[in-house]
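**Q** One structure is given below, represented as structure tokens, and several questions about it will come after.
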Amino acid sequence: MKLIGAVGSPYVRKVRMVLAEKKLDYQFVPENVWSETTQIGASNPLGKVPCLILEGGEAVFDSRVIVEYLDTLSPVGKLIPSTGRERVEVKTWEALADGLLDASILARLEATWAGRSDAQRSSAWIDRQMGKVTQSLQAMEMGMGEKAYCSGIHMSLSDIAVVCALGYLDFRFPQVDWREDHPRLVKLHDKMAQRQSFIDTRPD
Ligand code: GSF
């Protein structure tokens with residue numbers, strides 16, 4: 104398998120953490136999707152990374168689809184429960200963490216994308232998106248309760264998705280002091296940060 108991606112992308116990081124936790128071999132193919140010469144469109148018509156290329160050449164895209172597939176490839180460290188409430192709980196945590204990322208990336212692009220002039224940038228839009236980041240952090244903190252992991256009693260995709268989101272805030276939004284009001288998230292982050300899969304996929 105080949106994974107087309109960028110080390111700075113938190114969605115790519117989620118996939119790389121899953122590959123590492125599942126001990127699956129792959130080749131990493133770096134791609135700058137913002138470059139004029141990017142070839143990503145040949146594999147993913149949406150022009151986004153991550154994109155997984157299977158042995159037969161088929162492209163699989165969207166990190167949620169990719170990690171779901173990867174979890175079926177090996178029984179090692181099952182990350183997504185196969186059925187029922189447990190499954191939907193993990194998928195909802197992932198949607199929340201990815202949604203935090205979607206909002207923060209929209210805010211960052213609004214503020215920095217070179218295709219937009221200063222007059223075209225909307226601070227109201229940025230505020231709207233950053234409000235979603237704040238709300239998501241609060242929901243995650245509440246959802247953690249006094250548990251050791253986001254869902255269930257073992258590490259799951261929920262925890263990986265959440266720490267990728269927190270790691271992205273540290274990387275691109277150092278001014279967002281999420282540690283201040285979210286002690287349970289700090290505890291989860293600090294525990295997950297000791298895993299080799301987290302250490303080996305740091306964006307910086
Ligand atoms: C989001 C991928 C994405 O936005 C997923 O895979 O989970 N729902 C998708 N990737 C960004 C890179 S990054 O900001 O992490 C991307 O490729 N953007 C290029 C573009 O044209 O939007």
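Note that my numbering has the sequence shown beginning at 104, numbered continuously upward. For every residue, glycine included, the Cβ atom is placed at its ideal position computed from N, Cα and C.
1. Just to confirm before moving on: does the CB-CB distance between residue 177 and residue 125 stay below 8 angstroms?
2. Return the first residue and the last residue of the beta strand (DSSP E) that residue 130 is part of.
3. Provide the residue(s) that pair with residue 155 in DSSP beta bridges, ordered along the chain.
4. Out of 138, 181 and 107, which has the shortest C-alpha to C-alpha gap to residue 255?
5. When you measure from the CB of residue 110 to every non-hydrogen atom of the ligand GSF, does any distance come out below 7 angstroms?
6. Along the chain, where does the alpha helix (DSSP H) containing residue 267 start, and where does it finish?
7. At the level of alpha carbons, what is the spacing between residue 224 and residue 258?
8. Measure the beta-carbon distance from residue 247 to residue 204 and round it to whole angstroms, keeping in mind my assumption that it falls under 8 angstroms.
9. Run through DSSP, which three-state label would residue 143 get?
10. Skipping 5 residues on each side, what residues in its chain have a beta carbon closer than 6 angstroms to that of residue 114?
11. List the whole-angstrom C-beta distance separating residue 261 from residue 267, where the pair is believed to meet the contact cut-off of C-beta under 8 angstroms.
12. Within the structure, which residues are defined as neighbours of the ligand GSF by a Cβ-heavy atom distance below 6 angstroms, reported in chain order?
13. Under 8 angstroms, do residue 206 and residue 241 count as touching if we go by C-beta distance?
14. Run through DSSP, which three-state label would residue 125 get?
**A** Working from what's here:
1. It is a contact, given that the beta carbons lie within the stated cut-off.
2. That run of the beta strand (DSSP E) goes 130-133.
3. Bridge partners of residue 155: 106 and 163.
4. 181
5. False, no ligand heavy atom lies under 7 angstroms from that Cβ.
6. 260-275
7. 40 angstroms
8. About 18 angstroms separates the two Cβ atoms, so there is no contact after all.
9. helix
10. 153 and 166
11. Actually they do not touch by this definition, with Cβ atoms about 11 angstroms apart.
12. 112, 113, 114, 136, 150, 151, 152, 153, 165, 166, 167, 201 and 208
13. no
14. coil
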